[in-house]
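Residue numbers (this note's numbering): 2 to 354.
Now the structure itself:
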């Protein structure tokens, strides 16, 4: 049970989750609250639109039609993955449904699927779902037989996770229309148990990090096995002269680039520096390049000398846009040159399209 999100909180939750949001003009006051209660809310319901070619699907969900006034959902999620907000409050999307299903959703007490539904809009025992569920109408032509683009499916999961996270609900607060009303078939084309597992995966990560099922990362392991001199006073890129593994192929032989965008990566570089006086500092940072042009720097990691050999592990984690490459750069702040005795870089890289 929860008080419905305000329009501002809903927009903020969606954007934080990484959704592309379009606020349709007037959506914040577009609702059916004059026809019945809105809230307390208990979950999110997923639908497909069954719209044909030439239909302005967002317009339809906002305004409805002669037999069913709009809004027909909280929002319409189109093929391109955009969440178009069409209503703020009660909407004509769920209709009547089964009280046993509602109780199972409230308690998140069911197994793989909610209990079988035996009610529908107009039946004697039906419960008003329009008061209790947010609704996503998801663009799909041909009664759900139209393929679901990956970008759209990911947006449906993210938009659902955004509401669940905002209310501190789990994935079992998300159901399909077919699980609520016994004469509905939507959403067709994906299984709601699989969908809830994806919502669970999104909720298990910090907000905004889920991007669908990750491809296998590629392994990069580069090094500088022989020492080199690092003069004071200037940033200098580490040139990795040895490739133990370069599955991405992004590192040119003897070069300093270890990843190229679009990509995400996570790993570290281990450094052994000789001759750094006690208390003196060598700074390390990641730097982005476009071709040979320096474009951006990332936060500095300070390596403080301990006398003799100084050792440090510098974390390397970032997302790189297309056309950018990443290097590790060092700045010797001591008064005299030091020796980078070795550098070993190990990262996992997820290439993006």
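Glycine residues also receive a C-beta, built at the ideal position from the N, C-alpha and C atoms.
Asked: Between which two residues does the alpha helix (DSSP H) holding residue 161 run?; Found: 151 to 168
Asked: Between residue 258 and residue 304, what straight-line distance do the alpha-carbon atoms span, to the nearest angstrom?; Found: 22 Å
Asked: Would you mind sorting residue 301 into buried or exposed? The rule is 16 or more other CB atoms within 10 Å of its CB.; Found: exposed
Asked: How big is the Cα-Cα spacing for residue 328 and residue 245?; Found: 17 Å
Asked: For a test of the three-state rule: what should DSSP assign to residue 178, helix, strand or coil?; Found: helix
Asked: If you reduce the DSSP assignment to three classes, tell me which class residue 63 lands in.; Found: helix
Asked: For residue 269, I'd like the list of residues in its chain whose CB is within less than 7 Å of its CB, leaving aside the five on either flank, ordered along the chain.; Found: 314, 315, 316, 317 and 347
Asked: Considering only residues of the same chain and omitting the five flanking positions on each side of residue 140, which have a CB-CB separation below 6 Å?; Found: 50, 58, 79 and 80
Asked: Near residue 184, which residues of its chain fall below 7 Å by C-beta distance, leaving aside the five closest residues on each side in sequence?; Found: 121
Asked: Is residue 54 helix, strand or coil by DSSP?; Found: coil
Asked: Would residue 85 and residue 23 be called neighbours here (beta carbons separated by less than 8 Å)?; Found: yes
Asked: Put residue 146 into one of helix, strand or coil per three-state DSSP.; Found: coil
Asked: Measure the CB-CB distance between residue 342 and residue 298 and report whether it falls below 8 Å.; Found: no
Asked: Report yes if the CB atom of residue 153 is closer than 8 Å to the CB atom of residue 82, and no otherwise.; Found: yes
Asked: What do you get for residue 196, buried or exposed, if any count of 16 or more other CB atoms within 10 angstroms of its CB means buried?; Found: buried
Asked: Please report how far the alpha carbon of residue 32 lies from the alpha carbon of residue 10, in whole angstroms.; Found: 17 Å
Asked: Going by DSSP, what residues sit across from residue 312 in a beta bridge?; Found: 273
Asked: Any heavy atom of the ligand PLP within a distance shorter than 7 Å of the CB on residue 200?; Found: The ligand PLP is absent from the structure shown, which contains no ligands of any kind.
Asked: Taking DSSP's pairing of strands, which residues face residue 322 in a bridge?; Found: In the DSSP output, where bridge partners are listed per residue, residue 322 has none listed.
Asked: Roughly how many whole angstroms lie between the Cα atoms of residue 251 and residue 277?; Found: 32 Å
Asked: Can you give me the C-alpha to C-alpha distance between residue 163 and residue 134, rounded to a whole angstrom?; Found: 14 Å
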